[in-house]
Amino acid sequence: MKDREVILIADAGSTKTDWCLIERSGRVVANVKTEGINAAIATADQMSRYLQSAKRLIKENAGGGINPDEVFYYGAGCASDAICQNVEEAIANVWGCDVVEVASDMLGACRALLGKEPGVACILGTGSNSALYDGKKIIANTPPLGYILGDEGSGAVIGKRFISDIFKGCAPEHIVEEFLEKTGLTKDEVIRRVYREPNANRFLASFAPYIAAHIDEEYFRTLVLDQFADFIRRNILHYSGATTLPISFIGSIAEHFSHLLGQTLNRFNLTGGKILSSPMPGLISYHSNISEL
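According to my numbering, the residues represented by the sequence shown are 982 to 1274, in order.
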């Protein structure tokens, strides 16, 4: 493999990580999914085991002893220089390569959506985030603040509002009856899952597919539209140039409700850009010769 340059790209979330080993031409050598990790809370030992496990799977998938010349890791929790440096050192130790770049998942979204062009990039998945990007770096970022204080437009916050409406009697009666009959959920069960068990945000976001399946109902359309409007008002409009730059999105919520997202952008006279379910195709283009063709 020494006659061709090989690049490893990681899109690392808290729950899962997509790893893609590519040649500089953009040809995929190996594509692997592993468990995720949050670099902000992982110990050095946990990070090392996580990377070693991924390395074994990638090598198996690639069919032999292929070591990347460069590694680009975009990860959850990579929010400070100190954390990024720790992850860079761990990757260098495991893979034995000299060129390692670790950055936030938000920068990964910017590069995947916008490449080397300026714009606003947004993440709408279990959580939400946004950034103003100048084509090279993030120049402004509204803090998302998580699903309790922020994360407007995310699956967790849409789910939170829906479940609250169900048990407070704010949703139409036929929706309440159908939902409770279908899921068997009780108020006590929801309270336990949200306040006494980990990953409440994922639990709340798990209702997004149900909402998507019933989006023809006016109640659900209004619920999602209101959340998207909140996301734009509280996260996008104060970016300099937001009204003239393209607004692009990555994430399952953006993809599943793309038509309502488009309506909301039009409402605020904003220009819609790309909508992607995953950043990996865009990151492959960014880090390969594809982006130069």
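Virtual Cβ for every residue (Gly too), placed ideally from N, Cα, C.
Rounded to a whole number of angstroms, what is the C-alpha to C-alpha distance between Asp1207 and Ala1063? Within the sequence shown, residue 1207 is the residue found at index 226, counting from 1. Within the sequence shown, residue 1063 is the residue found at index 82, counting from 1. A direct Cα-Cα distance of roughly 38 Å separates Asp1207 from Ala1063.
Can you tell me whether Ile1265 is buried or exposed? The criterion is at least 16 other CB atoms within 10 Å of its CB, across all chains shown. Against the sequence shown, residue 1265 aligns to sequence position 284. That one is buried.
Let me confirm a value: Ala1194 is counted as buried when at least 16 other C-beta atoms fall within 10 Å, else exposed. Which label applies? In the sequence shown, residue 1194 corresponds to position 213, counting from 1. Ala1194 is exposed by the Cβ-count criterion.
For Pro1260, count neighbouring C-beta atoms within 10 Å of its own C-beta (all shown protein chains included) and say buried if the count is 16 or more, exposed if not. Sequence index remark: in the sequence shown, residue 1260 carries index 279 (1-based). Using a 10 angstroms sphere on the CB of Pro1260, the tally of other CB atoms reaches 16 or more, which defines it as buried.
Please report the distance separating the alpha-carbon of Thr1123 from that of Ala1071. Taking the sequence shown and counting its residues from 1, one reaches residue 1123 at position 142. Taking the sequence shown and counting its residues from 1, one reaches residue 1071 at position 90. Cα to Cα, Thr1123 sits roughly 29 Å from Ala1071.
Three CB pairs or more closer than 8 Å across the stretch 1053 to 1062 and the stretch 1081 to 1097: Proximity of the stretch 1053 to 1062 to the stretch 1081 to 1097 meets the contact definition, three or more beta-carbon pairs being nearer than 8 Å.
Whole angstroms are fine: how far does the CA of Phe1160 sit from the CA of Asn1019? Here residue 1019 corresponds to residue number 38 of the sequence shown, with the count starting at 1. Here residue 1160 corresponds to residue number 179 of the sequence shown, with the count starting at 1. Straight-line Cα distance between these residues: approximately 33 Å.
Grouping DSSP H, G and I as helix and E and B as strand, with all else coil, what is Glu1199? For the purposes of this step, residue 1199 is taken as residue 218 along the sequence shown, with counting starting at 1. It is helical.
Have a look at Val1175, His1240, Thr1252, Lys1036 and flag the residue whose alpha-carbon is nearest the alpha-carbon of Ser1229. Taking the first residue of the sequence shown as 1, we reach residue 1229 at position 248. If we check each option's Cα against that of Ser1229, Thr1252 comes out closest.
What did DSSP end up calling Ile1192 once you bin it into helix, strand or coil? Counting from one through the sequence shown, the residue named residue 1192 turns up at place 211. Three-state DSSP puts Ile1192 in a helix.
Taking only three categories from DSSP, how would you classify Ile988? By one-based count along the sequence shown, residue 988 stands at place 7. Here Ile988 carries a strand assignment [DSSP, helix/strand/coil].
For Ser1221, three-class secondary structure by DSSP: Mapped onto the sequence shown, residue 1221 falls at position 240. DSSP, read as helix, strand or coil, puts Ser1221 in coil.
By alpha-carbon positions, which one of Ile1231, His1240, Glu1170 ends up nearest to Gly1106? Here residue 1106 is taken as the residue at index 125 of the sequence shown, counted from 1. With distances taken between Cα atoms, Gly1106 lies closest to Ile1231.
Considering Cα atoms alone, identify which of Val1157, Val1083, Trp1076 is closest to Asn1067. Taking the sequence shown and counting its residues from 1, the one referred to as residue 1067 is at position 86. Among Val1157, Val1083, Trp1076, the Cα nearest to that of Asn1067 belongs to Val1083.
Which value, in whole angstroms, describes the spacing of the CA atoms of Leu1218 and Ile1104? By one-based count along the sequence shown, residue 1218 stands at place 237. By one-based count along the sequence shown, residue 1104 stands at place 123. Distance between the alpha carbons of Leu1218 and Ile1104 is about 16 Å.
Touching by the beta-carbon criterion (3+ pairs, under 8 Å), the stretch 1209 to 1218 and the stretch 1127 to 1144: With a cut-off of 8 Å, the stretch 1127 to 1144 and the stretch 1209 to 1218 count as touching, because enough Cβ pairs lie within range.
Considering only C-alpha positions, which residue in the set Gly1136, Phe1184, Lys1163 is nearest to Arg1173? Counting from one through the sequence shown, the residue named residue 1173 turns up at place 192. Nearest neighbour of Arg1173 by Cα position, chosen from Gly1136, Phe1184, Lys1163, turns out to be Phe1184.
Look at Ile1003 and Ile990 and say whether their C-beta atoms are less than 8 Å apart. By 1-based counting over the sequence shown, the position of residue 1003 is 22. By 1-based counting over the sequence shown, the position of residue 990 is 9. Cβ distance < 8 Å, so Ile1003 and Ile990 count as in contact.
Coarse secondary structure for Met982, derived from DSSP in three states: The residue given as residue 982 occupies position 1 in the sequence shown. For Met982, the predicted model reports a pLDDT of 39, less than 50, meaning its position is unreliable; a value from the coordinates is still stated below. In the three-state DSSP reduction, Met982 falls in the coil class, being neither helix nor strand.
Based on the DSSP output, what are the partners of Leu1002 in its beta bridges? Start at 1 with the first residue of the sequence shown, and residue 1002 comes out as number 21. Under the DSSP definition of a beta bridge, Leu1002 partners with Leu989, Ala1011.
If you reduce the DSSP assignment to three classes, tell me which class Cys1065 lands in. The residue labelled residue 1065 in the question sits at position 84 within the sequence shown. In the structure shown, Cys1065 sits in a helix (DSSP, three-state: H, G or I).
With distances taken between CB atoms, is the gap from Val1101 to Ala1223 smaller than 8 Å? To locate residue 1101, count along the sequence shown from 1; it is residue 120. To locate residue 1223, count along the sequence shown from 1; it is residue 242. A contact, by the Cβ cut-off of 8 Å.
Check whether the stretch 1136 to 1146 and the stretch 1198 to 1207 touch, using three or more Cβ-Cβ pairs below 8 Å as the test. Touching, yes, given that three or more Cβ pairs across the two stretches are closer than 8 Å.
Going by DSSP, name the residue or residues bridged to Leu1257. As a first step, residue 1257 must be located in the sequence shown, where it is residue number 276. Its beta-bridge partners are Ile1231.
Whether Val987 touches Ile1039 by CB criterion (8 Å): Reading the sequence shown from its first residue, position 6 is the one you call residue 987. Reading the sequence shown from its first residue, position 58 is the one you call residue 1039. Judged by beta-carbon spacing, Ile1039 lies beyond the 8 Å limit of Val987, meaning their Cβ atoms are not closer than that value.
Which residue from Phe1238, Phe1249, Ile1192 puts its Cα closest to that of Asn1216? The residue labelled residue 1216 in the question sits at position 235 within the sequence shown. When each option's Cα is compared against that of Asn1216, the closest is Phe1249.
Where does Ala1084 fall in DSSP's three states? What you label residue 1084 is simply residue 103 of the sequence shown in a count that begins at 1. DSSP, read as helix, strand or coil, puts Ala1084 in strand.
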